[in-house]
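This report concerns only the one structure given below.
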Amino acid sequence: MPTGRREPARLPRGRRAGNSALGTARRPGLLPQGMTIAGPIGIAGLGLDATAEPAAQTAAATRLAELGYQTLWLPGGQGNNLAQISGIVRATTDLRVASGIVPVLQVPAAEVAATYAALEVDHPGRFVVGLGGAHGPKPFPALNAYLDTLDTEAPVVPASARILAALGPRMLNLARDRAAGAYPYLVTPDYVAGARALLGAGPTLAVLVPVIPLADPGAARELARASTGFFTTVPGYRANFARMGFADADITELRDAFVDGITVWGDLESIVARVAEFHAAGADQVVLGLRLPAEAAASETAAWQARLAEALLS
């Protein structure tokens with residue numbers, strides 16, 4: 001356990017990775033029937049710039065599919081990436097494309113439903129509707145109301161096609177009851193075990209983790225701090241860091257124990273072992289958010305995508 005950590009306040013905890021996993025956990029890749037994410041490993045398309053030419057986006061997505069990745073998660077940030085998702089789904093054959101996530105305060109439910117319905121005609125099951133980003137004063141009612149619209153206004157987006165960005169117990173319950181599962185970010189294997197216990201065996205648990213393929217601890221942690229520091233200022237994330245047992249000083253100062261707990265870094269062997277901890281704790285899919293230094297060439301990113309696919313998907 002990291003130094004200075006408190007016991008979690010509310011989220012139930014499971015056994016640590018390395019011991020036998022929770023009884024409710026499934027072997028990675030055994031996903032609920034009807035759920036549209038696929039494979040034990042997903043990839044976050046952080047290198048797929050939404051402003052790039054469609055042909056370049058398609059080429060990048062096609063290459064990831066050829067490497068063996070079956071689910072591509074496209075981050076929406078605070079924007080609307082539905083057109084990008086639609087283009088990649090239509091231009092590829094089998095790749096499942098998940099919005100990771102559509103911010104519900106920025107993108108109308110009607111637009112999401114229209115995109116989903118259009119893609120279902122010729123590409124059924126290949127658009128996973130990831131929803132979240134309700135960071136206002138009343139995030140739970142906002143997301144709940146959004147789901148009401150998707151449930152009741154034609155064209156309907158069924159719960160089996162939806163996955164929710166969820167951190168705290170209330171949002172995890174919503175993901176269990178009104179979607180196919182949850183998509184947490186910046187969490188520990190202990191958190192995953194607790195989330196699996198709360199969700200139960202049925203819902204999907206896809207976990208996004210920052211992956212920093214640097215063996216030098218100082219360089220890796222420096223990049224981890226640069227990649228994750230902003231989230232310590234977001235109330236929902238900060239509350240979840242505290243629920244996971246991190247002391248306030250750990251979070252504010254981005255101490256080693258904190259960044260080590262919520263990221264994956266090291267050489268290839270270390271990364272593979274760390275990813276296995278998330279699976280053992282109950283994650284169905286570990287989504288790799290690959291991070292490299294700003295000066296790294298695109299070819300280096302591509303090389304690491306290939307190395308990780310070979311190590312984790314072979």
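So the sequence shown is residues 1 to 314, counted in the UniProt record's numbering. Ideal placement from N, C-alpha and C gives every residue a C-beta, glycine not left out. Note that the coordinates shown come from a computational prediction; the quantities given were computed from them, not determined experimentally.
Burial state of residue i (16 or more Cβ within 10 Å)
| i | result |
| --- | --- |
| V234 | exposed |
| D267 | exposed |
| V121 | exposed |
| N80 | buried |
| T263 | buried |
| G202 | exposed |
| P40 | buried |
| G218 | exposed |
| A180 | buried |
| E277 | buried |
| T71 | buried |
Delimiting residues of the alpha helix (DSSP H) encompassing residue i
| i | result |
| --- | --- |
| I85 | 82-91 |
| A298 | 298-313 |
| L143 | 139-152 |
Residue j beta carbon less than 9 Å from that of residue i
| i | j | result |
| --- | --- | --- |
| A65 | G45 | no |
| L82 | V112 | yes |
| G132 | V97 | no |
| I163 | Y183 | yes |
| G42 | V286 | yes |
| L172 | L198 | yes |
| N240 | L174 | no |
| A165 | G100 | yes |
| G200 | R176 | yes |
| residue 322 | Y237 | The requested residue 322 does not occur in the structure, where the chain is confined to residues 1 to 314. |
| L150 | V129 | yes |
Residue i: first and last residue of the uninterrupted beta strand (DSSP E) it sits in
| i | result |
| --- | --- |
| A44 | 41-44 |
Sufficient close CB pairs (3 or more, under 8 Å) joining the segment 142-160 to the segment 226-234 = Taking 8 Å as the limit for Cβ pairs, the verdict is that the segment 226-234 does not touch the segment 142-160.
task = Check whether the segment 237-249 touches the segment 198-215, counting contact only when three or more Cβ pairs, one atom from each stretch, lie closer than 8 Å.
result = no
inquiry  = For a minimum of 3 consecutive residues, which ranges assigned as the beta strand (DSSP E) are wholly contained in the UniProt domain "Luciferase-like" (163-285)?
reply    = 204-212
inquiry  = What ranges does the beta strand (DSSP E) occupy inside the UniProt domain "Luciferase-like" (50-136), keeping only unbroken runs of at least 3 residues that lie completely in it?
reply    = 71-74, 96-99, 127-132
query = With contact counted as at least three CB pairs below 8 Å, one residue from each stretch, are the segment 96-113 and the segment 66-79 in contact?
reply = yes
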